[in-house]
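Q: Numbering (our numbering), first residue to last: 3 to 148. A single structure is presented below for examination.
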Amino acid sequence: MNMKNTINKEYSRDVNNLLQEKHRNLKFLIAASPHVILMRRGHDDEGPEGLFTLKSSSQLNGSLSHTVAFEDRGDATNFCYLLQSSFEDLGDFSAEIVPLPVKELSEAIRSHTMKVIVVKKGKLKLYAGQPLADAEMALRTLIEQE
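What follows is the structure in structure tokens.
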């Protein structure tokens, strides 16, 4: 009986630690006010638009789409430049940085309507002339590590 109480106390402590860590992570995510990339085709807001998402396929997650958000506006800007240079031959493509409202982000995560990967500052190494496929592969690696 004493052993059972000890195991229950350890289990409760582990569960409480996990809940506290998840709460801290959610608070960090909300405080970070991440930036997402809004992509648009067409001129004068008439064409289709949507957030940049990345489809990942892994044996653990199955095939999922993740909205990519950036903790750092500078990283988001660099990714925008990469997207624009990759799609410049379309002529009517644009990409811009928009903050993801904290309330919308937390509601989407809680309701499981949106999978989001928040790229921490400096985690995605980008350089001029980099192929978009290389950046996408690096993003998929970050998703797998999540």
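Note that the Cβ used here is the ideal one computed from N, Cα and C, for glycine as well. Bear in mind that the values here come from a model prediction, so they are computed numbers and not experimental data.
#1: What residue range does the alpha helix (DSSP H) around Ala135 cover?
#2: Closest by CA to Glu146, which one among Glu51, Gly44, Arg43, Lys57?
#3: With the cut-off set at 7 Å, would you say Thr69 and Met116 are in Cβ contact?
#4: Drop a sphere of 10 angstroms on the beta-carbon of Met41, count the other beta-carbons inside from all chains shown, and report buried for 16 or more, exposed for fewer.
#5: Since Ile119 and Glu148 are thought to touch, with beta carbons under 8 Å apart, how far apart are those beta carbons, to the nearest angstrom?
#6: Mind checking whether Phe89 and Phe95 have CB atoms under 7 Å apart?
#7: Quick one: is Pro133 buried, meaning 16 or more other Cβ sit within 10 Å of its Cβ, or exposed?
#8: Would you tell me roughly how many angstroms separate the C-alpha atoms of His45 and Glu51, rounded to the nearest one?
#9: For Ala135, does the count of other Cβ atoms within 10 angstroms reach 16, so buried, or fall short, so exposed?
#10: Please classify His37 as buried or exposed, where buried requires at least 16 other C-beta atoms within 10 Å of its C-beta.
#11: Helix, strand or coil, according to DSSP, for Thr55 in the structure here?
A: Short version:
#1: 134-147
#2: Lys57
#3: yes
#4: buried
#5: 6 Å
#6: yes
#7: exposed
#8: 11 Å
#9: exposed
#10: buried
#11: strand
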